[in-house]
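Taking it in order: structure first as C-alpha cells, then the write-up.
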Amino acid sequence: MLVPMAFKLPESVLVVVHTPRLDILLLERAGTGFWQSVTGSREPDDPDFETTARRELLEETGLSVGTLTDWRLTNRYEIWAQWRGRYAPGVTHNVEHVFSFQVPELTVATLDPVEHVAQLWLPWQDAMAKVFSPTNRDAIWQLSKRVLGHSDGA
Numbered sequence: 227m228l229v230p231m232a233f234k235l236p237e238s239v240l241v242v243v244h245t246p247r248l249d250i251l252l253l254e255r256a257g258t259g260f261w262q263s264v265t266g267s268r269e270p271d272d273p274d275f276e277t278t279a280r281r282e283l284l285e286e287t288g289l290s291v292g293t294l295t296d297w298r299l300t301n302r303y304e305i306w307a308q309w310r311g312r313y314a315p316g317v318t319h320n321v322e323h324v325f326s327f328q329v330p331e332l333t334v335a336t337l338d339p340v341e342h343v344a345q346l347w348l349p350w351q352d353a354m355a356k357v358f359s360p361t362n363r364d365a366i367w368q369l370s371k372r373v374l375g376h377s378d379g380a
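Using this note's numbering, the first residue of the sequence shown is number 227, and each one after it goes up by one.
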C-alpha cells in the first residue's frame, strides 16, 4: 500500500547565521548551486516558528549554541515553479518568518549532504551579492542595519 506524501506547509523560516563582526554563514543548496542562509518549512507539530528555526538550524548546520532573534518580520513570495510540486495543489505563495542567529565566532557547520553540499563564511556585503533569494539578500541588508546602525550600506 502506498502512503500518500504529505505536502509541505507554505510557511517557512529564514535564519541568517552570523558572527558579531557580521560574517555570514552561507550554504550551497544541493543540486542547484544556489547559496542561501538556513531555510525550512514549518512542520505540522512545530508549536511556533522559533521551534521551526531551532530545528532547521540543528538539521542544516548542527548549530545550537548562539543567540536566536525573532525579527517579527515576514515576507510573502511566489514559490518557484520547480518547487511547487512539494505543496498542495493550488498553493503558489509562501510566508517566510525571518530570524537571525548570532554565534560567537566562525565555526564549521555539520551539513546534511542531501540538502547542502558546501558552506562559506563571507562578510555581509559579499554574502548579499552571493545569495540567490531576494528575501535572503534583504535580510542580510536588514541585519547590517540592525547591528551597524547604518542606512546607506557603508
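Note that the Cβ used here is the ideal one computed from N, Cα and C, for glycine as well.
Quiz item: To which residues of the same chain is Phe327 closer than 8 Å at the C-beta, ignoring the five residues directly before and after it?
Solution: Here the question's residue 327 lines up with position 101 in the sequence shown. Closer than 8 Å at the Cβ level, and outside the excluded window around Phe327, lie Val241, Val242, Val243, His244, Val264, Ala279, Leu283, Leu289, Gly292, Thr293, Leu294 and Thr295.
Quiz item: Per DSSP, what kind of secondary structure is Arg247 in: helix, strand or coil?
Solution: By 1-based counting over the sequence shown, the position of residue 247 is 21. Coil.
Quiz item: For Pro349 versus Leu248, is the C-beta distance shorter than 8 Å?
Solution: One-based indexing of the sequence shown puts residue 349 at position 123. One-based indexing of the sequence shown puts residue 248 at position 22. In this structure, Leu248 lies closer than 8 Å to Pro349 by Cβ.
Quiz item: Which stretch, first to last residue, makes up the alpha helix (DSSP H) that contains Thr336?
Solution: Looking up residue 336 in the sequence shown gives position 110. Segment: none, Thr336 is in no alpha helix (DSSP H) and carries neither H nor E.
Quiz prompt | Whether Phe260 touches Phe358 by CB criterion (8 Å) | solution = The count along the sequence shown starts at 1 and reaches residue 260 at position 34. The count along the sequence shown starts at 1 and reaches residue 358 at position 132. Closer than 8 Å, so yes.
Quiz item: Given a threshold of 16 other Cβ atoms within 10 Å of its Cβ, counted over all protein chains shown, does Gln262 qualify as buried or as exposed?
Solution: Reading the sequence shown from its first residue, position 36 is the one you call residue 262. It is buried - the Cβ of Gln262 has at least 16 other Cβ atoms within 10 Å.
Practice problem: Please classify Gly379: is it buried, with 16 or more other beta-carbons within 10 angstroms of its beta-carbon, or exposed? | Solution: In the sequence shown, counting from the first residue as 1, residue 379 sits at position 153. Residue confidence is low: Gly379 scores 49 on pLDDT, short of 50, so the model does not pin down where it sits. Its coordinate-derived value is still stated next. Answer is exposed; the Cβ neighbour count stays below 16.
Quiz item: Three-state secondary structure (DSSP) at Pro273?
Solution: Translated into positions along the sequence shown, residue 273 becomes position 47. Three-state result, Pro273: coil.
Practice problem: Out of Pro330, Asn362 and Leu374, state which residue places its alpha-carbon closest to the alpha-carbon of Asn301. | Solution: Numbered from 1 along the sequence shown, position 75 holds the residue referred to as residue 301. Cα-wise, what sits closest to Asn301 is Asn362.
Quiz item: Secondary structure at Pro330, three-state DSSP: helix, strand or coil?
Solution: By 1-based counting over the sequence shown, the position of residue 330 is 104. It is coil, neither helix nor strand.
Quiz prompt | Other residues of its chain near Ala256: CB distance less than 8 Å, five sequence neighbours each side excluded | solution = Locating residue 256 in the sequence shown gives position 30, where the first residue counts as 1. Contacts found: Pro339, Val340, Glu341, His342 and Val343.
Self-check item: Residue of Pro246, Glu237 and Leu253 minimising C-alpha distance to Leu337
Solution: Taking the first residue of the sequence shown as position 1, residue 337 is located at position 111. When each option's Cα is compared against that of Leu337, the closest is Leu253.
Exercise. Give every residue of the same chain whose Cβ lies closer than 7 Å to the Cβ of Val373, excluding the five residues on either side of it in the sequence, and list them in chain order.
Key: If you number the sequence shown from 1, residue 373 lands on position 147. The answer, listed in chain order, is Leu248.
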